[in-house]
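*Asks:* Each number in the numbering used here corresponds to the 1-based position in the sequence shown with 18 added.
Think of the CB as a built atom: it goes at the ideal place given N, C-alpha and C, for glycine as much as any other residue.
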Amino acid sequence: MGGALQEQAARVWRRGSRGARLIRDAAWAAPDRPVALAPGLNLSARIGLAVAGSLVVAVLAVTANEQLTGLVPGSLAWALAAVQTLPLLLVVARPLAAWRICTLGMTLATFAEVGHVPTPFWPWPVGSCCGYVVLLFVVAQRYGREIAFAVDVLVAGAVLLPATLLVGMPPVVFAVAVVAVTLVLVLGESIHSRLEAERHLEQAEQQRRAGLARQAVLEERSRIARELHDVVAHHMSMIAIQAEAAPYKEPGLPEQTRRTLAAIREASTTALTEMRRVIGLLREEDEGAERAPQPGIDSIPDMVRAARQAGMQVDLTLTGGPERTPGVVDVSAYRIVQEALSNAGRHAPGARVAIEVHRTRSEVRVNVADDGGTVARVEAVPPGGNGGHGLTGMRERAALLGGTLRAGPRADGGFEVSAELPTDGPVDGGLAAAGLPAGLDGSLEERLNRLLFATPDEAFAPPPAAELPEAERTQDDDTRELSDVSVDGQAPWRRHRHGESDRNRRTGGLTGEVIDDRGGGDG
19 MGGALQEQAA RVWRRGSRGA RLIRDAAWAA PDRPVALAPG LNLSARIGLA
69 VAGSLVVAVL AVTANEQLTG LVPGSLAWAL AAVQTLPLLL VVARPLAAWR
119 ICTLGMTLAT FAEVGHVPTP FWPWPVGSCC GYVVLLFVVA QRYGREIAFA
169 VDVLVAGAVL LPATLLVGMP PVVFAVAVVA VTLVLVLGES IHSRLEAERH
219 LEQAEQQRRA GLARQAVLEE RSRIARELHD VVAHHMSMIA IQAEAAPYKE
269 PGLPEQTRRT LAAIREASTT ALTEMRRVIG LLREEDEGAE RAPQPGIDSI
319 PDMVRAARQA GMQVDLTLTG GPERTPGVVD VSAYRIVQEA LSNAGRHAPG
369 ARVAIEVHRT RSEVRVNVAD DGGTVARVEA VPPGGNGGHG LTGMRERAAL
419 LGGTLRAGPR ADGGFEVSAE LPTDGPVDGG LAAAGLPAGL DGSLEERLNR
469 LLFATPDEAF APPPAAELPE AERTQDDDTR ELSDVSVDGQ APWRRHRHGE
519 SDRNRRTGGL TGEVIDDRGG GDG
């Protein structure tokens, strides 16, 4: 029995303490919430609204002074009228502070009228009361139920009760006034609750739409992954199998042909490995797979070694270091070299290619140049006749990092690709330069990885032709054109007739491994 009483007393004490804290907060402790005056209106409308409000407050102040003059001395009447009405100018910006000042003015007026004969039936001016009701409504609408409850208690105890006890306001009038104040506060709080409910519903709707969008992306990724697995991976596997089986079918093949077939098999198996990684990324819902290790600058020698085994003449110079290079810069440098080397191998067979990569603490410089070769070049043409836009893809990789990329024919023949990739480039500025969305959360590498694997259309959408440099829009007959072939050799290719040009472009892949194609007429 004693324990139940103690528990009940403790519950009452906690509720009383909470109520006391609410009253304290409403009286002075709770911070106000400044709000701009009609932010949706233009400056002229806001000025007009402020002037109109000031005129209304001035009229209320004058009428309040006239009613108080018969109850208190003239100078005191002006002071009380000002305290009771002028805070209405803050009803929009700081309603809680305005209510506190007006409450003080109403209470002071009650004490100032003590001893006045005859005793006033209603000790406050009508204009002041009208403004006070507006303040009560705005406070409840702005701050919600708890502050409204505390305000109701304070008005009843600090404004209405002293008037009943000190100046003889009838108890019936006291009761009616308390009910009226409570109704005003309930109305304001109900509007506050409705607005809060609408806000929560809007947030829930936004989350639902975000979930649907995420689900659509995942379904599209799954579809693309199935197509890659069922179509492309199958054909790549057949290439690897045929290349491995060829020496056994034809035992008399020359050694050079055997090495070429071995290089084809190695390139196709490497492509299969990377494709499996991409398929895993497409099917992975979290970000863990997106941070899987990718090739970087240290893998360039392996790429060069594979190119030499395929018969290319490649010179590699790696300088600088061993400064740590951010992962996304590391992989971007690798991909740029890979695509430039692919261009040289496909478009200038027999050419000598010089690759230079220089690392410093602030940037990575990449230069890939060839001498043009002596064999008629070949052109990669996809089955549908569409071209690629590898230069655009490489430029976007550089722009994402805040860097630059230059590509074009050399004065002494051949072709050159040069890139400068800062290791601490501005990500958002780079995104804007690449025409891609900014503001993603996370580190540099995570942000760009999520961006690159967002959707195929958004990741590397080609810019309008009008925005491309002149060198990319038109080329002379003697200018070598790039193809839609990556190092792994997935795209079909054929001989290119001199002087033909095709402006069609297509997106290469989700990792941005695309090579430009401005040639490849149908012949």
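Go through its chain and collect everything with a Cβ distance to residue 378's Cβ below 6 Å, but skip five positions before and after it.
*Replies:* Once the five neighbours on either side are set aside, the close Cβ partners of residue 378 are 338.
*Asks:* Do the CB positions of residue 319 and residue 334 come within less than 8 Å of each other?
*Replies:* yes
*Asks:* Any heavy atom of the ligand MN closer than 7 Å to the Cβ of residue 266?
*Replies:* As presented, the structure is devoid of all ligands, the ligand MN included, so that no description of it is given.
*Asks:* Does the Cβ of residue 65 have 16 or more other Cβ atoms within 10 Å, making it buried, or fewer, making it exposed?
*Replies:* exposed
*Asks:* Mind pulling the alpha helix (DSSP H) runs of 4 or more residues that sit fully within the region 245-285?
*Replies:* 251-267
*Asks:* Looking only at C-alpha atoms, which of 149, 185 and 123 sits nearest to residue 140?
*Replies:* Residue 140 has its Cα closest to that of 185, out of 149, 185 and 123.
*Asks:* How is the beta strand (DSSP E) around residue 12 delimited, first residue to last?
*Replies:* Examination of residue 12 is not possible in this model, given that the chain is present from 19 through 541 alone.
*Asks:* Based on the DSSP output, what are the partners of residue 385 in its beta bridges?
*Replies:* 374 and 436
*Asks:* In three-state DSSP terms, what is residue 379?
*Replies:* coil
*Asks:* Which residue's Cα is closest to the Cα of residue 210: 170, 429, 440 and 161?
*Replies:* 161
*Asks:* Spell out a yes or no on whether the region 147-154 and the region 119-130 are touching, meaning 3 or more CB-CB pairs, one atom from each, closer than 8 Å.
*Replies:* Counting C-beta pairs with one atom in each stretch, the region 147-154 and the region 119-130 have three or more that are closer than 8 Å, which means they touch.
*Asks:* Given a cut-off of 8 Å on the beta-carbon distance, is the pair residue 94 and residue 44 in contact?
*Replies:* no
*Asks:* Between the alpha carbons of residue 207 and residue 116, how many angstroms are there, rounded?
*Replies:* 18 Å
*Asks:* Going by DSSP in three states, residue 534 sits in which element: helix, strand or coil?
*Replies:* Residue placement at residue 534 is poorly supported in this model, since its pLDDT is 38, which falls under 50; the coordinates are not used for a value here.
*Asks:* So residue 246 and residue 297 are in contact, right, with Cβ under 8 Å, and what is the actual spacing, rounded?
*Replies:* Contact flag correct, Cβ pair sits at about 6 Å.
*Asks:* With DSSP collapsed to three states, give me the class of residue 424.
*Replies:* DSSP places residue 424 within a strand segment (E or B) once states are collapsed to three.
*Asks:* With respect to the alpha helix (DSSP H) encompassing residue 87, which residues constitute its N-terminal and C-terminal limits?
*Replies:* 61-87
*Asks:* By alpha-carbon positions, which one of 287, 235 and 68 ends up nearest to residue 299?
*Replies:* 235
*Asks:* Would you call the region 103-117 in contact with the region 75-84, where contact means no fewer than 3 C-beta pairs closer than 8 Å?
*Replies:* Output reads yes: the region 75-84 touches the region 103-117.
*Asks:* Residue 332 to residue 390, Cα distance in whole Å?
*Replies:* 13 Å
*Asks:* Can you check DSSP and say which residues form a bridge with residue 145?
*Replies:* According to DSSP, residue pairing for residue 145 in a beta bridge does not occur.
*Asks:* Can you tell me where the beta strand (DSSP E) holding residue 335 begins and where it ends?
*Replies:* In the DSSP annotation of this structure, the continuous segment of the beta strand (DSSP E) that includes residue 335 starts and ends at 331-338.
*Asks:* Please identify the residue among 240, 113, 71 and 375 whose C-alpha is closest to the C-alpha of residue 353.
*Replies:* 375
*Asks:* So the candidates are 111, 182 and 86; which of them puts its Cα closest to the Cα of residue 101?
*Replies:* Out of 111, 182 and 86, 86 has the C-alpha closest to the C-alpha of residue 101.
*Asks:* Taking C-beta to C-beta, are residue 277 and residue 265 nearer than 8 Å?
*Replies:* no
*Asks:* Mapping DSSP to helix, strand and coil, what is residue 103?
*Replies:* helix
*Asks:* Give the single residue among 321, 344, 349 and 381 whose Cα lies nearest to the Cα of residue 360.
*Replies:* 321
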